[in-house]
Amino acid sequence: MSRLATRFRTLRALGLGNILRVLSYRAKLRLGRYPAEPASGTLLPTGPMFLPPALPPTGLGAPQDWTNEGLLFSHHPFPLGNSPPAWLVNPFTGEDFPDCGRPWFRIGDFDPRFGDIKLAWELSRFSWALPMAQRAREGSGDDLDRLNRWIDNWTFENPPYRGPNWKCAQEAGIRVMHLAMVSLLLGHREATPRLAGWLDWHLQRIAPTMAYARAQDNNHGTSEAAALFIGGAWLARSGHPHAEGWARRGRAALEERCLALIAPDGSFSQHSLTYHRMMLDTLSMAELWRRALDLPPFSASLTDRATHAAGWLHAMIFSPDGDGPNLGANDGAQLLPMSDTPYRDFRPSCALALTLFADADAFGDDVARHARWFGIDTPSGKVAAEPAHRLFDAGGYAVLRQQGAVALLRYPRFRYRPSQDDVMHVDLWIDGEAILRDGGTYSYNDGDAWIDYFSGIAGHNSIEFDGREPMPRLGRFLLGDWLDASESETGIDAAGRPVARAAYCDRHGALHRRTITLAPGEAVVVDEVSGLSNDATIRWRLRPGEWHPIAGGVAAGGLSITIEGDFRDAPRIVAGHESLFYREKRDVPVLVATAADAGTILTRLRWAA
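Per this note's numbering, the very first residue in the sequence shown carries number 66; after that it's consecutive.
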């Protein structure tokens with residue numbers, strides 16, 4: 066009965082409209098109501114997808130990714146030969162994906178024969194097209210030839226609406242957006258006849274399932290709306306009969322989704338650093354395309370939300386090299402890989418969005434090159450302020466800064482479905498290095514045990530009550546009994562130290578109040594716990610290293626961490642795991658202690674300031 070009640074409460078939180086949209090989508094799939102073949106046949110006009118560059122070289126220096134080596138999920142390298150990649154082969158195992166000739170709506174979301182369907186999608190996102198286009202712009206004819214050959218080969222191997230690479234409309238939208246950016250990089254505003262036919266196939270896939278995308282309340286809605294706007298405006302230049310309607314519908318949906326999913330403080334419906342970047346890159350690409358085609362501006366409301374979303378990402382960059390907390394779901398997405406900077410450098414995307422929507426420069430010219438590739442000068446004389454102590458209460462984030470140290474307190478604020486049990490998690494960074502860190506994601510489809518571990522409370526720096534999750538898992542991407550903080554604040558204490566505090570009470574009556582204070586060379590976390598039936602386990606996930614025991618805790622390399630409380634056993638180190646990149650995990654030490662009764666737990670971290 067309790068689980069049934071949890072499901073009912075969660076369905077109510079999801080919203081009746083969204084539930085009806087999903088049910089309608091699934092009913093149509095069962096009835097085969099979506100097209101399996103394009104209305105105009107399967108043949109495209111002859112000729113190239115892209116013509117030689119119509120603009121002179123930029124002199125900016127093109128990235129070297131995707132020359133001799135490719136990257137899966139922006140991290141795993143693999144060698145490239147003379148031929149295009151095998152689009153329908155698992156890149157990690159070399160096994161063929163099954164049923165590649167079946168209509169997309171006959172392929173299950175998580176067919177065990179596929180393993181992780183993202184392994185089929187990754188190369189088919191066309192992120193490789195951007196560095197090839199950049200090198201072609203700088204004068205490499207070989208890269209232009211390679212770009213056209215790869216797209217043509219993909220088109221031959223993936224006939225429209227059949228196989229895994231047509232399964233997801235967002236994946237089709239990402240391809241459209243990437244090729245639109247290729248077109249801008251090469252200086253073209255109109256599609257060649259062959260490319261126009263290719264775009265038509267993709268927009269026919271995206272348009273029918275927009276209601277389902279909206280029902281997700283995540284980046285599916287923003288991505289597919291942006292692709293419909295971009296692709297429709299693109300095809301309208303060649304007189305396509307449905308193009309203007311697609312463009313209007315995409316623009317309206319993008320406006321609506323931004324106002325619905327981006328809070329006034331910049332928090333996004335998906336509580337994830339990488340998904341936030343993905344959403345922001347999507348908006349930047351839509352704005353770049355709007356400017357290039359001299360289309361009417363987006364609303365002031367969209368611009369304002371995009372500006373605050375860029376400010377949110379700016380506040381979450383905790384290191385000089387652009388890294389930030391491994392917050393929320395992380396599937397390796399990176400929509401604008403236009404430099405050789407690492408995947409976890411969030412500055413280029415943040416800088417482009419600030420340039421486009423706020424006319425502001427946050428990081429200097431070396432980082433802000435994305436805009437210059439599209440003919441947009443870096444702003445001068447209008448610099449975005451350095452983030453200070455911030456409370457993003459709409460999303461549930463408090464950020465504290467103190468003399469080279471940055472702390473994040475992640476507390477529950479869930480207007481939209483959470484994907485991880487990361488309530489009251491704390492990240493602590495000292496001089497650009499993560500000392501207390503989030504576990505990450507690893508994989509969406511490598512067994513329930515890994516999904517439960519990385520997205521569960523044990524994958525975070527928090528307190529677990531009575532051996533259970535704060536929010537029970539109801540599905541792969543769905544948690545139940547969404548929590549909401551009963552209090553949240555940031556401020557400065559009497560000693561001038563920044564302080565953040567939040568609290569929640571779960572469905573069993575367990576209360577957790579956490580206060581973090583940041584001082585020069587010291588961070589203090591005070592946890593007040595009550596309402597437990599058996600015990601409360603605190604975990605601190607530490608940076609890899611040679612930690613050795615000290616009284617009440619551990620130490621390593623000038624750092625010490627001690628925990629005080631009424632514990633059953635002394636605090637101890639156990640083996641844990643973290644994943645900074647999709648489908649990669651490594652061991653990390655985890656400091657653990659278990660209290661049997663309600664009370665206060667005090668954790669103190671010290672380092673040389």
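For each residue, glycine too, the CB sits at the ideal point set by N, CA and C.
Assuming residue i and residue j form a contact by the criterion Cβ under 8 Å, report the distance between their Cβ atoms to the nearest whole angstrom.
i      : j      : result
Pro149 : Asn218 : 4 Å
Leu326 : Asp282 : 6 Å
Leu108 : Asn155 : At roughly 30 Å, the Cβ-Cβ gap does not stay under 8 Å, so Leu108 and Asn155 are not in contact.
Ala351 : Trp299 : No, Ala351 and Trp299 are not in contact; Cβ-Cβ is about 12 Å, not under 8 Å.
Arg651 : Arg502 : No, Arg651 and Arg502 are not in contact; Cβ-Cβ is about 12 Å, not under 8 Å.
Ala550 : Ala567 : 5 Å
Would you call residue i buried or exposed, if buried means 16 or more other Cβ atoms sit within 10 Å of its Cβ?
i      : result
Thr506 : buried
Ile495 : buried
Leu667 : exposed
Gln129 : exposed
Asn510 : buried
Pro329 : exposed
Val22  : Residue 22 is absent from the model: the chain starts at 66 and stops at 674.
Met66  : With a pLDDT of only 43 at Met66, under 50, the local geometry of the prediction cannot be trusted, and the value read off the model is given with reservation. Looking at its Cβ environment, which holds fewer than 16 other Cβ atoms inside 10 Å, Met66 is exposed.
Gln468 : exposed
Gly429 : exposed
Leu81  : exposed
Leu670 : buried
Leu338 : buried
Lys447 : exposed
Ala398 : buried
Arg171 : exposed
Asp592 : buried
Asn395 : buried
If you follow the alpha helix (DSSP H) that residue i is in, where does it begin and where does it stop?
i      : result
Leu212 : Gly206 to Glu222
Ser366 : Ala365 to Ala380
Thr582 : From DSSP, Thr582 is part of no alpha helix (DSSP H) but of the beta strand (DSSP E) over Leu576 to Ala584.
Ile327 : That residue, Ile327, is in no alpha helix (DSSP H); it is neither H nor E in DSSP.
Arg569 : Checking the sequence shown, residue 569 turns out to be Tyr, not Arg. No alpha helix (DSSP H) contains Tyr569, which is instead part of the beta strand (DSSP E) from Pro563 to Cys570.
His677 : A query on residue 677 cannot be resolved here, the shown segment of the chain reaching from 66 to 674 and no further.
Phe73  : Ser67 to Leu79
Distance cutoff 8 Å, beta carbons only. Does residue i sit that close to anything in chain D?
i      : result
Ala423 : Among the chains of the structure shown, chain D does not appear; only one protein chain is present.
Whose CA, out of the options, lies closest to the CA of residue i?
i      : options                           : result
Arg578 : Phe519, Glu587 and Gly664         : Gly664
Ala237 : Leu268, Gly461, Ala119 and Pro413 : Leu268
Phe157 : Leu137, Phe170, Gly146 and Gly397 : Leu137
Pro402 : Leu96, Val655 and Arg190          : Arg190
His613 : Met275, Gly159, Val655 and Ala514 : Val655
Gly304 : Phe143, Ala658, Phe411 and Ala261 : Ala261
Leu486 : Gly545, Tyr647 and Thr220         : Per the sequence presented here, residue 486 reads as Asp, with Leu not at that position. It is Gly545.
Arg314 : Ala301, Phe294, Arg322 and Leu324 : Phe294
Asp405 : Arg200, Leu367, Gly376 and Arg482 : Arg200
Measuring CB to CB, does residue i end up less than 8 Å from residue j?
i      : j      : result
Ile581 : Trp605 : no
Ala418 : Val432 : no
Trp438 : Leu125 : yes
Ala374 : Gly252 : no
Gly461 : Pro477 : yes
Glu611 : Ala601 : no
Pro563 : Leu465 : yes
Leu188 : Trp131 : no
Gly228 : Gly173 : no
Leu319 : Ala280 : no
Arg211 : Thr123 : no
His140 : Leu195 : no
Ala371 : Phe422 : yes
From which residue to which residue does the beta strand (DSSP E) around residue i run?
i      : result
Ile522 : Careful: Ile522 lies outside any beta strand (DSSP E) and carries neither H nor E.
Glu498 : Glu498 to Leu501
Gly641 : Arg637 to Phe646
His490 : His490 to Ile495
Val432 : Looking at the DSSP string, Val432 is not in any beta strand (DSSP E), and its letter there is neither H nor E.
Gln199 : Element bounds for Gln199: not the beta strand (DSSP E) but the alpha helix (DSSP H), Ala194 to Arg202.
Lys650 : Glu649 to Ala660
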